[in-house]
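Novice: Just passing along the structure, written as structure tokens.
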Amino acid sequence: MEVGTFVSWLRDAASTMHDNASYLTGLDSAIGDADHGANMDRGFQAVVALLEESSFESVDELMKKAGMTLVSKVGGASGPLYGTFFLRFGTALAGVSPITAEAVGEAFRAGVGGILQRGKAELGDKTMYDAWAPALDAYDAAVADGSDLAGALTAAAEAAAKGRDATVPLVARKGRASYLGERSAGHQDPGATSTTLLLESAARTLA
Ligand code: ADP
Ligand code: MG
Ligand code: MG
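Sequential numbering of the sequence shown, starting at 1, is according to the UniProt record's numbering.
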């Protein structure tokens, strides 16, 4: 896999977040402060600006810079969480060649490890982790079953969508939505929704 493949993912993710900004902000208006779509759009537009002004020799350099951009440009919980995801994702691929489906899986797991370290979420807390956790497991299961990268990413995106849907009845225990207590139940988590969009974008572009 070439650096250009990962550039394609970031560009596709940016246009996806742009197209879904009102949808994500609408979800955040029910259980948060109505800015998740704007946050994701602003962050990924800054990543696109980075891609315009620099060229990257390696996947790890690209992903680390993208992560730093998200940390610095997105206020709110999601900026540091997604920023750390990309930083760790890049670090995991430093010096790795060729980049195999296994290596991408390890990079996803390392990235999500960063999200957990920062956000301390557990499964069922009604956060983005409720989409990431089943996605990682589905990815690894697909690879163990002999799937190639495309198959593993498709399985991961489908599992993330189920995890996203399963956040609806949950009571939030992390982030702003947790301030609502029981009233957070009955609403889909915005971050689990953007995670699913990011993985669907990966399935379209990385394989
Ligand atoms: P903010 O809540 O600061 O306005 P956003 O609206 O951009 O930030 O992002 C909210 C999303 O961030 C939530 O829907 C949830 O998925 C995710 N989130 C919040 N806190 C955590 C956490 N501690 N761990 C994992 N994800 C979290
Ligand atoms: Mg918000
Ligand atoms: Mg906010």
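We put the beta carbon where it would ideally sit given N, CA and C, even for glycine.
1. So what's residue 122 in DSSP terms, helix, strand or just coil?
2. Where do the N-terminal and C-terminal ends of the alpha helix (DSSP H) with residue 199 fall, by residue?
3. Please report the distance separating the alpha-carbon of residue 116 from that of residue 141.
4. Is the beta carbon of residue 87 sitting closer than 7 Å to the one on residue 67?
5. Is the segment 48 to 57 touching the segment 90 to 101 in the sense that three or more CB pairs, one from each, lie closer than 8 Å?
6. Answer yes or no: the CB of residue 32 versus the heavy atoms of ligand 4, is any distance below 6 Å?
7. In chain order, what residues of the same chain have a beta carbon less than 8 Å from the beta carbon of residue 50, not counting five sequence neighbours either side?
8. Can you check the segment 2 to 73 for any alpha helix (DSSP H) of at least 4 residues that lies completely inside it and give the ranges in chain order?
9. What is the DSSP secondary structure of residue 174, reduced to helix, strand or coil?
Specialist: According to the data block:
1. Walking along the sequence shown from the start, residue 122 turns up at place 122. Here residue 122 sits in coil by DSSP.
2. Against the sequence shown, residue 199 aligns to sequence position 199. That run of the alpha helix (DSSP H) goes 190 to 205.
3. Within the sequence shown, residue 116 is the residue found at index 116, counting from 1. Within the sequence shown, residue 141 is the residue found at index 141, counting from 1. Taking the straight line from one Cα to the other gives about 21 Å.
4. Against the sequence shown, residue 87 aligns to sequence position 87. Against the sequence shown, residue 67 aligns to sequence position 67. The answer is yes: Cβ separation under 7 Å.
5. no
6. Among the ligands modelled here, namely ligand 1, ligand 2 and ligand 3, ligand 4 does not occur.
7. If you number the sequence shown from 1, residue 50 lands on position 50. Correct list, in chain order: 65, 66 and 69.
8. 3 to 19, 21 to 31, 36 to 53 and 59 to 73
9. Position 174 of the sequence shown, counted from the first residue, corresponds to residue 174. It is coil, neither helix nor strand.
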